[in-house]
Amino acid sequence: MMRILFQVAAVALVAGVTTSAAAVGERAQSELKGADGREIGTIRMVETTAGVLLRIKLKGLAPGPHGLHIHETGKCEGDFKSAGVIYNPLGAKHGYLNDEGPMVGDLPNIFVGASGEVEVELVSPFVTLNREAEETIFDADGTAFVLFEKADDYLSDPDGNAGGRIACGVIAPVK
Ligand SMILES: [Cu+2]
Numbered sequence: 087m088m089r090i091l092f093q094v095a096a097v098a099l100v101a102g103v104t105t106s107a108a109a110v111g112e113r114a115q116s117e118l119k120g121a122d123g124r125e126i127g128t129i130r131m132v133e134t135t136a137g138v139l140l141r142i143k144l145k146g147l148a149p150g151p152h153g154l155h156i157h158e159t160g161k162c163e164g165d166f167k168s169a170g171v172i173y174n175p176l177g178a179k180h181g182y183l184n185d186e187g188p189m190v191g192d193l194p195n196i197f198v199g200a201s202g203e204v205e206v207e208l209v210s211p212f213v214t215l216n217r218e219a220e221e222t223i224f225d226a227d228g229t230a231f232v233l234f235e236k237a238d239d240y241l242s243d244p245d246g247n248a249g250g251r252i253a254c255g256v257i258a259p260v261k
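Take 87 as the starting number for the sequence shown in this note's numbering and just add one per residue.
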């Protein structure tokens, strides 16, 4: 068991990622709601040796691609501007196609089917649940998922030209 832990730590060091063996298995969760208060679904998060694994299960959405980001403030009110901009503790530029990107809170687009539902898992290597790290989602004012009307173009500031904010959910630790 000890040897496995050492190997995990060594891999994390080589890759330069912030995941620590101590945080692996740590969990968080977010319940997303629309601006009208309607329940949109749940995103579950677990720290892994490769980054944070997200399990996204949403419904009641327009079919097609939607930008999804982790935003800097854990507050979902009104038009969801309360969540601030994309979480960016390392001062990067927005987008996977930006030479100076991505921001810690950048995520891939999700594609909603004709049923209005989507269920998908993905890993982000740029964010962590490790409270000791600069990139932690558990900073002083919290963080929130924000879902957008349109696709993120992975380049344009501040939100990838993804249109309006259609759903929001504060990220909370799971004990
Ligand atoms: Cu955003």
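Backbone N, C-alpha and C define an ideal beta-carbon position, used for all residues, glycine too.
### Message
Less than 6 Å between C-beta atoms, sequence neighbours within five positions excluded: which residues of the same chain meet that for E205?
### Response
Apart from the 5 residues on each side of it in sequence, E205 sits with its Cβ closer than 6 Å to the Cβ of K143 in its chain, given in chain order.
### Query
Who are the near neighbours of M87 in its chain, counting only those whose CB is closer than 6 Å to its CB and skipping five residues on each side?
Low confidence applies to M87: its pLDDT is 43, below 50, so where it sits in the model is not reliable enough to give any reading.
### Task
Quick one: which unbroken beta strand (DSSP E) runs of 3-plus residues sit fully inside the stretch 210-245? Chain order, please.
Within the stretch 210-245, the runs of beta strand (DSSP E) at least 3 residues long that lie entirely inside it are, in chain order, 230-234.
### Message
In the DSSP output, which residue or residues are listed as bridge partners for T128?
### Response
Under the DSSP definition of a beta bridge, T128 partners with E117, K143.
### Message
With DSSP as the reference, identify every bridge partner of L183, one or two as the case may be.
### Response
According to DSSP, L183 bridges with nothing at all.
### Under 7 Å between C-beta atoms of S160 and G246
According to the sequence provided, residue 160 is Gly. The question's Ser does not apply to it. Contact flag unset, no.
#### Entry: DSSP-derived helix/strand/coil call for A169
The answer is helix: DSSP assigns A169 an H, G or I state.
### Query
Say the cut is 6 Å; is the CB of I172 nearer than that to a heavy atom of ligand 1?
Here the distance from the Cβ of I172 to the nearest heavy atom of ligand 1 is below 6 Å.
### Query
With burial defined as no fewer than 16 other Cβ atoms inside 10 Å of the residue's Cβ, what is the status of S201: buried or exposed?
Around the beta carbon of S201, fewer than 16 other beta carbons sit within 10 angstroms, so the residue counts as exposed.
### Message
Using a 10 Å radius around the Cβ and a threshold of 16 neighbouring Cβ atoms, would you call V100 buried or exposed?
### Response
With a pLDDT of 43 at V100, under the threshold of 50, the modelled position of that residue is not reliable, and the figure given next carries that caveat. With fewer than 16 other Cβ atoms within 10 Å, it is exposed.
### Query
Between the Cα of P194 and the Cα atoms of G255, V260, A136, G181, which residue gives the shortest distance?
Closest by alpha carbon: G181.
### Message
For the stretch 165-177 against the stretch 130-138, do three or more pairs of beta-carbon atoms, one drawn from each stretch, fall closer than 8 Å, so that the two count as touching?
### Response
No, the stretch 165-177 is not in contact with the stretch 130-138.
### Query
Hey, out of I257, I223, V198, whose CA is closest to M147's CA?
For the record, residue 147 in the displayed sequence is Leu; it is not Met. The residue from I257, I223, V198 with its alpha-carbon nearest to that of L147 is V198.
### Query
Taking DSSP as the reference, what is the three-state secondary structure of G123?
The answer is coil: DSSP assigns G123 none of H, G, I, E or B.
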